[in-house]
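K.L.:
My structure is below; once you've seen it, I'll send some questions.
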Amino acid sequence: MSAGAPTSEAAFVVRREPTRDAPRRLSADDAFAAALRIASLAVLAAVVLLVVETLRGAGPALHTYGWAFLAGREWDPVAERFGALPYVVGTLVTSALALLLAVPFGIGAAVFLSEIAPPRLGATISFMIELLASIPSIVYGLWGVFVLAPFLRTSVEPWLIQHLGFLPLFSGFPFGIGILPAGLVLAIMVVPTVTSVTREILRALPDSLRGAALALGATRAEAIGVTLDAARPGILGAVILALGRALGETMAVTMLIGNSNRMSWSLLAPGSTMASVIANEFTEAVSKLHLAALCEVALVLFVVTLIVNAVARLIVLAATGGRRDVAGAA
Amino acid sequence: MSPARPEVSLPGLRPGVHWTRRVANRVAIGGCVLATALVVLPLALLVYRLLESGLHGLSLGFFLHMPKPVGEAGGGMANAIVGTLIVVGIGAAIAVPVGVAAGIYLAEYGRERLAGIVRYTADVLAGAPSIVVGVAVFGLLVVPMGRFSALAGGVALAVLMLPTVVRATEEVVRLVPASYRQAALALGAPSWIATLRVVLPAARAGVTTAALLAVARASGETAPLLFTALGNRFWSTHVDQPIATMPVMIFDYARSPYSDWNAQAWTGALTLLVLVTVLSALMRVATRRIR
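Top to bottom, those sequences are chains A and B. For the first sequence, counting from 1, position 91 maps to 91 in the numbering used here; every step adds exactly one. Residues are numbered in the numbering used here as their position in the second sequence, beginning at 1, plus a constant of 1000.
Right, here's the structure in full:
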């Protein structure tokens, strides 16, 4: 791509030159370009459509509750009292848990793949991790329900309760489904994003950085520390990108979180996220207000992920000097 | 793509290096190896379990038979497989032409201000939660039509496919050497002929894989179909009726308390995984080779 840029400019000159003196009329070229422009406007239209439709659907709820919607703790479709706080908190807690696990391991793996492993091995494992990112959410959910949850219920959670049960975070019963399993499967799902983007960013750094550190007598790990320091803004972008993905993830979380609308301090207790409540209740919502409340949840989720994604991509773009394929790797 | 790193033979750690730094070095590198192992481990476990639980349910009948009621042996996902093909087909019919055109636009007129905006919007759209797309299409199509439908499911998938097609098309069209276009222009071809008859055919393999990748990803999507295509226990190929799809059927079967339905969910998931990962792998390999 870098080699292509100057030559394609030459192509522009060739294209423009002959038309300069020709009488100005709508040429086939102009029509073609216009058609392409219209097609690309469809991308903008899709985003506008998403916003408008969720906003329209949420109208009655917005009108009835306003901002208090986000602070309300009660979600009672029968009494038509809707507050989204448990879901907002559920989304934030599961995403935070996912990042807490995914970020250190994801960065560690990226360092191994780009700095330590022989190039061949690094490329192979990266390829596998990229495939991990393409597995559908429903497959993770299925695996979570039948493999991860029983394992947690019989092995991990009893241990946590026995040894750390004095903390409110680990009190309660070993259900196998709940906030912790949901966060865990989310971590598995977003770790490829962290690893792929971080690896690309590390690879984009100049080798002189490593060379200089090594020449000064740094150990290998210390030299890696120097590169990581230089990569910090980009890695931040990778983490925010992963956050965006975790916030909106639906199926695997819906299957693993237990779908309770009560807030609890315990990570072992069942909960709900914004995405999971929509998935669970949308087709069963009978009253207009219930549907509107779910649309408002969707609207909030959408706006939050839009902001998170927009920020993440700006950071990654800035950190890599405009290489879109890095952010696109996610 | 990135220049090969010069082969620097590491000086090893000379005896003069303090032992704490030596230990820190070992620990840090060991930690990275461990982290990589832990990242790959779930993939291995997942694939292993999918093969173990999914393979023995795999038979011709799974693809050809209708779902049977609980308790009756056999039965397959024929209606869901056809449903997925229909819904994904509708999505692709909308997203591929529009997305390819937008991708060509970005590659050929990439310096325009609009191109920058479109590119960024496509990236942002790619990050939109798929469940929200379902909610929006519900309002757009399901409510006015008065029922769930394959069409609504297809439109939801089209929105999800669009950014993938746009981005991948731009990438592969950019890889066509500028000399191709210049040669066409030098022979007197108008710009649009050069694009359509020379540049695009040269990028055909890449554009095809780009479209396939988008289709593959979309075929695994569940959330946007839950309240657009809904699902259907029966055979249906009507575009304006609710329709069964594989991801939704896997979801329903996985949540059911019946073990033969659970087993079918595994087989369905295995089929879906093979479909999606094989196509994604093809895309990666194809774009890498073109580079």
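Glycine is no exception: its CB is placed at the ideal position from the N, C-alpha and C atoms. Since this is a predicted model, take the numbers as computed values, not measurements.
On the criterion of 16 or more Cβ atoms from any shown chain inside 10 Å, does residue 1277/B qualify as buried, or is it exposed?
P.N.:
As a first step, residue 1277/B is located in the second sequence; it is residue number 277 there, counting from the start. Its Cβ being crowded by 16 or more others within 10 Å, residue 1277/B is buried.
K.L.:
Could you check the C-alpha separation between residue 1016/B and residue 218/A for me, to the nearest Å?
P.N.:
Taking the second sequence and counting its residues from 1, the one referred to as residue 1016/B is at position 16. Taking the first sequence and counting its residues from 1, the one referred to as residue 218/A is at position 218. Straight-line Cα distance between these residues: approximately 12 angstroms.
K.L.:
Kindly indicate which residue of 1036/B, 1279/B and 1260/B has the alpha-carbon position closest to the one of residue 1071/B.
P.N.:
The residue given as residue 1071/B occupies position 71 in the second sequence. If we check each option's Cα against that of residue 1071/B, 1260/B comes out closest.
K.L.:
List the residues that DSSP assigns as beta-bridge partners of residue 76/A.
P.N.:
Position 76 of the first sequence, counting from 1, holds the residue named residue 76/A. Paired residues: 81/A.
K.L.:
With the cut-off set at 8 angstroms, would you say residue 192/A and residue 133/A are in Cβ contact?
P.N.:
On the first sequence, residue 192/A is found 192 positions in, with the first residue counted as 1. On the first sequence, residue 133/A is found 133 positions in, with the first residue counted as 1. Yes, they are a contact pair.
K.L.:
Can you name, in chain order, every residue of its own chain whose Cβ lies under 7 angstroms from the Cβ of residue 328/A, other than the five neighbours on each side?
P.N.:
Position 328 of the first sequence holds residue 328/A. For residue 328/A, the pLDDT reaches just 47, beneath the cut-off of 50, and the residue's location in the model is therefore unreliable, although a value from the coordinates is still provided. Result list for residue 328/A: empty, nothing under 7 angstroms.
K.L.:
Tell me whether residue 80/A is buried or exposed, calling it buried when 16 or more other Cβ atoms sit within 10 Å of its Cβ.
P.N.:
The count along the first sequence starts at 1 and reaches residue 80/A at position 80. By the 16-neighbour rule on beta-carbons within 10 angstroms, residue 80/A is exposed.
K.L.:
Kindly indicate which three-state DSSP category residue 132/A falls into: helix, strand or coil?
P.N.:
Within the first sequence, numbered from 1, the residue matching residue 132/A stands at position 132. Residue 132/A falls in the helix class under three-state DSSP.
K.L.:
Ignoring anything shorter than 4 residues or poking outside the stretch 1099–1136 of chain B, list the alpha helix (DSSP H) runs there in chain order.
P.N.:
1113–1126, all fully within the stretch 1099–1136 of chain B.
K.L.:
Sorted by chain position, which residues of the same chain lie with C-beta nearer than 7 angstroms to residue 151/A's C-beta, five sequence neighbours on each side aside?
P.N.:
Numbered from 1 along the first sequence, position 151 holds the residue referred to as residue 151/A. So the list is empty, once near-sequence residues are dropped.
K.L.:
With C-beta atoms as the reference, is residue 1273/B less than 8 angstroms away from residue 1050/B?
P.N.:
Taking the second sequence and counting its residues from 1, the one referred to as residue 1273/B is at position 273. Taking the second sequence and counting its residues from 1, the one referred to as residue 1050/B is at position 50. The beta carbons of residue 1273/B and residue 1050/B sit closer together than 8 angstroms.
K.L.:
With distances taken between CB atoms, is the gap from residue 319/A to residue 195/A smaller than 8 angstroms?
P.N.:
Within the first sequence, the letter at position 319 stands for residue 319/A. Within the first sequence, the letter at position 195 stands for residue 195/A. No, the pair does not count as a contact, with Cβ atoms beyond the cut-off.
K.L.:
Fully enclosed by the stretch 89–169 of chain A, which alpha helix (DSSP H) runs are 4 residues long or longer?
P.N.:
119–134, 137–143 and 157–164
K.L.:
Run down chain B in chain order and give the residues with a C-beta less than 7 angstroms from the C-beta of residue 53/A.
P.N.:
Numbered from its first residue, the first sequence carries residue 53/A at position 53. Within 7 angstroms Cβ-Cβ: 1136, 1139 and 1140.
K.L.:
Out of 29/A, 141/A, 93/A and 34/A, point me to the one whose CA is closest to residue 1220/B's CA.
P.N.:
For this step, residue 1220/B is matched to residue 220 along the second sequence. With distances taken between Cα atoms, residue 1220/B lies closest to 141/A.
K.L.:
Can you round the beta-carbon distance between residue 1237/B and residue 1086/B to whole angstroms, since I take them to be within the 8 angstroms contact cut?
P.N.:
Start at 1 with the first residue of the second sequence, and residue 1237/B comes out as number 237. Start at 1 with the first residue of the second sequence, and residue 1086/B comes out as number 86. Correct: roughly 6 angstroms between the Cβ atoms.
K.L.:
Provide the residue(s) that pair with residue 211/A in DSSP beta bridges, ordered along the chain.
P.N.:
Here residue 211/A corresponds to residue number 211 of the first sequence, with the count starting at 1. Residue 211/A pairs with nothing; no bridge assigned.
K.L.:
For residue 262/A, does the count of other Cβ atoms within 10 angstroms reach 16, so buried, or fall short, so exposed?
P.N.:
Residue mapping note: residue 262/A aligns to position 262 of the first sequence, counting from 1. With fewer than 16 other Cβ atoms within 10 Å, it is exposed.
K.L.:
Tell me, to the nearest whole angstrom, how far the beta carbon of residue 1061/B is from that of residue 1083/B; I am working on the premise that it is less than 8 angstroms.
P.N.:
In the second sequence, the residue the question calls residue 1061/B occupies position 61. In the second sequence, the residue the question calls residue 1083/B occupies position 83. At roughly 18 angstroms, the Cβ-Cβ gap does not stay under 8 angstroms, so residue 1061/B and residue 1083/B are not in contact.
K.L.:
So, under 8 angstroms CB-CB, residue 39/A and residue 1101/B are touching, yes? Tell me the CB distance rounded to an integer number of Å.
P.N.:
Taking the first sequence and counting its residues from 1, the one referred to as residue 39/A is at position 39. Taking the second sequence and counting its residues from 1, the one referred to as residue 1101/B is at position 101. About 3 angstroms; that satisfies the 8 angstroms criterion.
K.L.:
Short of 9 angstroms Cβ to Cβ, which residues in the stretch 1203–1222 of chain B face chain A?
P.N.:
1213, 1216, 1217, 1219, 1220, 1221 and 1222
K.L.:
Quick one: what's got a C-beta closer than 8 angstroms to residue 13/A's C-beta in the same chain, skipping five residues either side?
P.N.:
Within the first sequence, residue 13/A is the residue found at index 13, counting from 1. For residue 13/A, the predicted model reports a pLDDT of 45, less than 50, meaning its position is unreliable and no value from the coordinates is stated.
K.L.:
I want to know whether the stretch 1166–1176 of chain B touches the stretch 1122–1139 of chain B - three or more CB-CB distances under 8 angstroms.
P.N.:
yes
K.L.:
Give the interface partners of residue 1234/B over in chain A, defined as CB-CB distance under 7 angstroms, in chain order.
P.N.:
If you number the second sequence from 1, residue 1234/B lands on position 234. Chain A residues near residue 1234/B: none, gap ~18 angstroms exceeds 7 angstroms.
K.L.:
Where does the unbroken alpha helix (DSSP H) through residue 63/A begin, and where does it stop?
P.N.:
Locating residue 63/A in the first sequence gives position 63, counting from the first residue. Counting along the chain, the alpha helix (DSSP H) containing residue 63/A begins and ends at 28–65.
K.L.:
Measure the beta-carbon distance from residue 267/A to residue 169/A and round it to whole angstroms, keeping in mind my assumption that it falls under 8 angstroms.
P.N.:
Here residue 267/A refers to the residue found at position 267 of the first sequence. Here residue 169/A refers to the residue found at position 169 of the first sequence. The pair is a contact, with the Cβ atoms about 5 angstroms apart (cut-off 8 angstroms).
K.L.:
Would you please state the rounded distance, in angstroms, between the beta carbons of residue 183/A and residue 97/A? I believe it to be under 8 angstroms.
P.N.:
Here residue 183/A refers to the residue found at position 183 of the first sequence. Here residue 97/A refers to the residue found at position 97 of the first sequence. At roughly 3 angstroms, the Cβ-Cβ gap stays under 8 angstroms, so residue 183/A and residue 97/A are in contact.
K.L.:
Evaluate contact between the stretch 291–303 of chain A and the stretch 49–63 of chain A, counting only Cβ atoms and requiring at least three cross-stretch pairs below 8 angstroms.
P.N.:
yes
K.L.:
In chain B, which residues lie less than 7 angstroms from residue 145/A when you measure between Cβ atoms?
P.N.:
Position 145 of the first sequence holds residue 145/A. Residues of chain B with a Cβ closer than 7 angstroms to the Cβ of residue 145/A are, in chain order, 1254.
K.L.:
List the whole-angstrom C-beta distance separating residue 136/A from residue 1067/B, where the pair is believed to meet the contact cut-off of C-beta under 8 angstroms.
P.N.:
Here residue 136/A is taken as the residue at index 136 of the first sequence, counted from 1. Here residue 1067/B is taken as the residue at index 67 of the second sequence, counted from 1. Between residue 1067/B and residue 136/A the Cβ distance is about 20 angstroms, and since that is not below 8 angstroms, they are no contact.
K.L.:
What are the partner residues of residue 271/A, as DSSP defines its beta bridges?
P.N.:
Within the first sequence, numbered from 1, the residue matching residue 271/A stands at position 271. Within the DSSP bridge table, the entry for residue 271/A names 258/A as partners.
K.L.:
For residue 313/A, decide whether its Cβ has a neighbour in chain B, counting only Cβ atoms nearer than 8 angstroms.
P.N.:
Numbered from its first residue, the first sequence carries residue 313/A at position 313. Yes, its Cβ sits closer than 8 angstroms to a Cβ of chain B.
K.L.:
Quick one: what does DSSP say residue 288/A is sitting in, helix, strand or coil?
P.N.:
Within the first sequence, numbered from 1, the residue matching residue 288/A stands at position 288. Note: residue 288/A maps to helix in three-state DSSP.
K.L.:
Got a sec: which bits of the stretch 295–312 of chain A sit with their beta carbon under 7 angstroms from any beta carbon on chain B, in order along the chain?
P.N.:
295, 298, 301, 302, 305, 306, 309 and 310
K.L.:
In chain order, what are the residue ranges of uninterrupted alpha helix (DSSP H) at least 4 long that sit wholly in the stretch 172–254 of chain A?
P.N.:
179–204, 207–215, 220–230 and 232–248
K.L.:
Please report whether the beta-carbon of residue 1036/B lies at a distance below 8 angstroms from any beta-carbon of chain A.
P.N.:
Position 36 of the second sequence, counted from the start, is the residue given in the question as residue 1036/B. At least one chain A Cβ lies under 8 angstroms of residue 1036/B.
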